[in-house]
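Read the structure below first, then the notes.
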Amino acid sequence: MRSLIRVTLCLLLAAALLGGLSSAPQSLAQEGENLLQNGGFEGNYVAVGGDPSLQVAPNWQPWSLPPPTGAPSSVNLRPDYAPAPANRVRSGNAAQEYNTFFATHDGGVYQRVPVTSGAELAFSAYVYVWSSATFEQPDVSDQPQGVEVQVGIDPFWRPGWRQRGYYLVGPGRILR
713 MRSLIRVTLC
723 LLLAAALLGG
733 LSSAPQSLAQ
743 EGENLLQNGG
753 FEGNYVAVGG
763 DPSLQVAPNW
773 QPWSLPPPTG
783 APSSVNLRPD
793 YAPAPANRVR
803 SGNAAQEYNT
813 FFATHDGGVY
823 QRVPVTSGAE
833 LAFSAYVYVW
843 SSATFEQPDV
853 SDQPQGVEVQ
863 VGIDPFWRPG
873 WRQRGYYLVG
883 PGRILR
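Quick note: the sequence shown uses our numbering, first residue 713, plus one each step.
Following this line, the structure appears as structure tokens:
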């Protein structure tokens with residue numbers, strides 16, 4: 713039987729706008745400083761709440777949306793989070809991995825970052841996607857099943873950001 717796999721990967725950076733910050737027109741981001749703490753997902757991964765299936769890099773938190781009421785048991789499961797295998801690390805020594813097997817998920821990792829109101833920010837990410845409907849060739853992403861990836865900055869940090877229609881600028885186009 714052919715199982716449907718749809719993996720939705722979301723990496724979410726939540727930029728919290730803090731009212732107590734100086735109103736002086738300065739921006740650390742414009743000076744080229746990385747505002748993320750541990751943007752490379754390095755270090756000893758932490759099991760959130762002691763749960764070994766929720767291992768995230770220091771300074772990051774996992775998030776996922778629950779399944780809709782009455783959804784099939786393979787829809788919107790909570791992903792497993794772990795350090796990525798070495799062959800999936802683009803640079804440095806580590807990378808964050810999260811996945812579900814033969815199920816879908818809406819989830820990812822996030823970090824709250826204080827920024828100056830009105831600051832212009834730039835954000836980019838490298839994402840490795842693997843999806844397959846079979847285990848015949850486990851090293852090959854085969855019949856990828858409609859994978860959808862979204863990456864962005866949410867200045868309001870509201871759960872369900874994707875459904876609110878924020879526009880995220882991508883290479884050469886605007887993503888929704």
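Each residue gets a CB set at the ideal place from its N, CA and C atoms; glycine is no exception.
Contact under 9 Å by Cβ, residue i with residue j
i       : j       : result
Val-827 : Tyr-793 : no
Ala-806 : Gly-752 : yes
Val-821 : Trp-772 : yes
Gly-819 : Ser-776 : yes
Val-760 : Pro-778 : no
For residue i, the residue or residues it bridges with in DSSP
i       : result
Ala-794 : Glu-809
Ala-845 : Paired residue(s): none; Ala-845 is not in a bridge.
Leu-766 : Tyr-793
Val-760 : DSSP output for Val-760 lists no bridge partner at all.
Check: residue i C-beta below 8 Å from any heavy atom of the ligand MN
i       : result
Arg-800 : You won't find the ligand MN in this model; it holds no ligand whatsoever.
Contacting residues, own chain, Cβ-Cβ under 8 Å from residue i (five flanking each side not counted)
i       : result
Glu-848 : Asp-854
Arg-802 : Tyr-838 and Tyr-840
Gly-804 : Gly-752, Phe-753 and Glu-754
Arg-800 : Ala-807, Glu-809 and Tyr-840
Other residues of its chain near residue i: CB distance less than 6 Å, five sequence neighbours each side excluded
i       : result
Ala-796 : Ala-807 and Glu-809
Leu-765 : Sequence check: residue 765 is Ser here, not Leu. Taken in chain order, the residues that qualify are Asp-792.
Pro-770 : Asn-750 and Gly-755
Ala-834 : none
Beta-carbon proximity list for residue i, same chain, < 7 Å, skipping 5 on both sides
i       : result
Trp-842 : Ser-853
Original post:
On the three-pair Cβ rule with 8 Å, is the region 805-819 touching the region 779-789?
Top reply: yes
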